[in-house]
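Peer 1: So for the sequence shown, numbering that gives the first Met the number 0 puts the first residue at 0; every next one is plus one.
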Amino acid sequence: MTQANTYFPVTVEALEREVERIRDRARRAARALAEGGVAYAVVGGNAVASWILRSGKGSGRNTRDVDILIRREDFGAAKAALEARGFRHEHVFGVDVFLDGTDAPPSESVHLIYANEKVKNDYPAPSPDVSESEEVGDFRALSLESLVRMKLTSYRRKDQVHVLDLVEVGLVDQSWTARLPGELAARLQHLLDTPDG
0 MTQANTYFPV TVEALEREVE RIRDRARRAA RALAEGGVAY AVVGGNAVAS WILRSGKGSG
60 RNTRDVDILI RREDFGAAKA ALEARGFRHE HVFGVDVFLD GTDAPPSESV HLIYANEKVK
120 NDYPAPSPDV SESEEVGDFR ALSLESLVRM KLTSYRRKDQ VHVLDLVEVG LVDQSWTARL
180 PGELAARLQH LLDTPDG
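1) For R63 and S132, which I take to be in contact (beta-carbon distance under 8 Å), what is that distance rounded to the nearest angstrom?
2) Going by C-alpha distance, which of H110, P104, A76 and A177 is nearest R148?
3) Quick one: what's got a C-beta closer than 8 Å to G75's C-beta in the same chain, skipping five residues either side?
4) Taking 9 Å as the threshold (C-beta atoms), are V166 and D172 in contact?
5) Give me the Cα-Cα distance between T193 and R60, rounded to the nearest whole angstrom.
6) The alpha helix (DSSP H) with F86 in it runs from where to where?
7) At which residues does the beta strand (DSSP E) containing A124 begin and terminate?
8) Determine the contact status of A114 and R71, defining contact as a CB-CB distance below 9 Å.
9) Between the C-alpha atoms of I69 and D195, what's the straight-line distance to the nearest angstrom?
10) Could you tell me which residues DSSP pairs with H110 in its beta bridges?
11) Classify T193 as helix, strand or coil using the three-state DSSP reduction.
12) Please name the residue or residues paired with L141 in a DSSP beta bridge.
13) Only counting runs of 4 or more residues, tell me where the alpha helix (DSSP H) segments fall wholly within the segment 151-188, in order along the chain.
Okay, structure coming up:
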C-alpha cells in the first residue's frame, strides 16, 4: 500500500507570509550583527532580491536561507551577537550556520561566508570584502558590482539565474563585460548570449 502525499493549500497570503518570514530572519540577523559591532553584508538571493526591489521593476525570487558575509576574525563577535538573538550555531558540511530556533533545519538558517576567502578552492576569485557594501532597504547588502562578481564566481545554476534576473530588470547589461576580469566577463557574456541555457 502506498502512502498518500499530504499537500497544504497554497494561497497568496501563505506565500507572502513565507517571504516575510525569510526577510524577517535577514533583518534580525543583520540587526544583531550591526548592534554587535560586526561589519557584515547580506549576499546571495536576499541581496539580489533587494537590488531588484530597489530598481522598482520587480521583487526578485524567494530564497529559504540567509547568506551573510563577514570577516573571519569577527566570527567570535558574530556568534555572540547572533546567539544573543536566539540563533543557534552549528557547523554543517564545512559551513558555519545559525539556526533560527531549536527546530529550524540548516536549509532555513543564516549561513556565514567569509570575506576575502574562496568559498571553494576551484573558484576563480575570493569573496569580496564587507566594505564593498551599502544600505539596501532593511540591511547592508553587497554592492551590485561585487554581488554580480560573486554570483559569476560561484556560477551554479541558481547564481546564473540570479544574474539573469538582474539583467532582466536592467541592472546588468552588455557594458558590464568590460568591468569584469576575463573568466567572469566570459561567463556573463555566455549568459547574455544564451539566457535560456
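Beta carbons are placed, not taken as given, at the ideal position from N, Cα and C, and that holds for glycine.
Peer 2: So, from the data block:
1) About 22 Å separates the two Cβ atoms, so there is no contact after all.
2) A177
3) So no residue of the chain qualifies.
4) yes
5) 20 Å
6) In the DSSP assignment, F86 falls outside any alpha helix (DSSP H) and lies within the beta strand (DSSP E) extending over F86 to V91.
7) Run containing A124: none; DSSP gives neither H nor E here.
8) yes
9) Taken atom to atom, the span from the alpha-carbon of I69 to that of D195 is near 33 Å.
10) H110 is bridged to D66 and V96.
11) coil
12) S132
13) 156-167
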